[in-house]
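Structure, as structure tokens:
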Amino acid sequence: MSGGTGGSLAIIGLGPGDQRLLTGAARAALDGAEDLIGYHPYVARVPERPGLRRHASDNRVEVDRARHALALAASGRRVAVVSGGDPGVFAMAAAVFEAVEHGDPAWRHLDITVEPGITAMLAAAARLGAPLGADFCALSLSDNLKPWDVITARLEAVLRADFVVALYNPISAARPWQLGAALALAAGIRAPGTPVMLARAVTRPDEAIRVTTLAEARDAPADMATLVIIGASGTRLIPRGGSERPFVYTPRSVAAPA
Ligand code: SAH
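Using the numbering used here, read the sequence shown as starting at 5 and increasing by one per residue.
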């Protein structure tokens, strides 16, 4: 171990929910931890065991939580910081490195590792078919950490560039109108029949997946456990009849502009 303390910090992705989607490397890192730090629903996903101290916190204190984790690791503890999905996607890994950059110079010598996880966008896409089959991008609609004007400017740019767009953090009790505003912006740029997918709690017992169109998406239910995917011009549905959800895919090939 570097730093001479024996401490370490693993930043671990827990995947979308189903334990079978936790990687073997993530599981091994969890098994080796003495302190577990994260937003409380994620900490709750890791079984209790003797020798594991749990430090659950609420969602608004990411950099404080990161500093706490780094200080514990620097004191010689083996620390695991957990995020849902992948820790590098709108989650704790960036907060940890922000804390390292601005914190105690000794933290730069700590043994810090990142264990990837299956992010919500990939879990949702796998349920639907292959909606992310061609160029796509991911945006967080949360304006807690960036101004709403920046969000709409980025969203408009990627809508005009015809990317498939995955929207994380579409809505919450404190942010009730942002998803409607984003869909209204999309409706001004993309065709009304553009497929829109709302994937809620993917791989968890309360999973709910809906395939709709841009014209109707505003009435579809979404909450903070929902990932929204807006199709590109090439995104297609394969109807299956009856109550079966269509397959959704985006072909990899794109015609040359006329
Ligand atoms: N690090 C996480 C994302 C954190 S941001 C990841 O890689 O998945 C939180 C947002 O992720 C939620 O608002 C929702 O949009 C999405 N999300 C996380 N888990 C999800 C799941 N199981 N099903 C659908 N969306 C999910």
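Ideal Cβ placement from N, Cα and C applies to all residues, glycine included.
*asked:* Below 7 angstroms, is the gap between the Cβ of R208 and the nearest heavy atom of the ligand SAH?
replied: Shortest gap from the CB of R208 to any heavy atom of the ligand SAH: under 7 angstroms.
*So who's on the other strand from S12, going by DSSP bridges?*
Its beta-bridge partners are R82 and D115.
*For R179, which three-state DSSP category applies?*
DSSP places R179 in strand when its eight states are reduced to three.
*Could you tell me whether any non-hydrogen atom of the ligand SAH is closer than 7 angstroms to the CB of T230?*
Yes, the beta carbon of T230 sits closer than 7 angstroms to at least one heavy atom of the ligand SAH.
*asked:* If you reduce the DSSP assignment to three classes, tell me which class R244 lands in.
replied: Of the three classes helix, strand and coil, the one that applies to R244 here is coil, per DSSP.
*asked:* Please tell me whether A32 and G17 are closer than 8 angstroms, where the distance is taken between their beta carbons.
replied: Judged by their CB atoms, A32 and G17 are not nearer to each other than the 8 angstroms cut-off.
*Return helix, strand or coil for T156, following the three-state DSSP convention.*
Helix, per DSSP.
*the ligand SAH heavy atom lying under 7 angstroms from the CB of D147*: No - the ligand SAH has no heavy atom lying nearer than 7 angstroms to the Cβ of D147.
*Proximity below 8 angstroms, CB of A128 to CB of A103*: In this structure, the beta-carbon distance from A128 to A103 does not fall below 8 angstroms.
_With a threshold of 6 angstroms on Cβ separation, who are the neighbours of I242 within its own chain once the five nearest residues in sequence on each side are excluded?_
So the qualifying residues of the chain are P250 and F251.
*Answer with buried or exposed for V258, where buried requires no fewer than 16 other C-beta atoms within 10 angstroms of its C-beta.*
With fewer than 16 other Cβ atoms within 10 Å, it is exposed.
_Three Cβ pairs or more, each shorter than 8 angstroms: is that satisfied between the segment 187 to 196 and the segment 150 to 162?_
Touching, yes, given that three or more Cβ pairs across the two stretches are closer than 8 angstroms.
*Is D90 near the ligand SAH, with its Cβ less than 7 angstroms from a heavy atom?*
Indeed, a heavy atom of the ligand SAH lies less than 7 angstroms from the Cβ.
*Just curious, the alpha helix (DSSP H) that M125 is in, first and last residue?*
Looking at the DSSP string, the run of the alpha helix (DSSP H) that includes M125 is A124 to L132.
*asked:* Can you give me the C-alpha to C-alpha distance between I15 and Y253, rounded to a whole angstrom?
replied: I15 and Y253: Cα-Cα distance of roughly 32 angstroms.
_Please determine whether the Cβ atom of R24 lies at a distance below 7 angstroms from any heavy atom of the ligand SAH._
Taking the Cβ of R24 as the reference point, every heavy atom of the ligand SAH lies at 7 angstroms or farther away.
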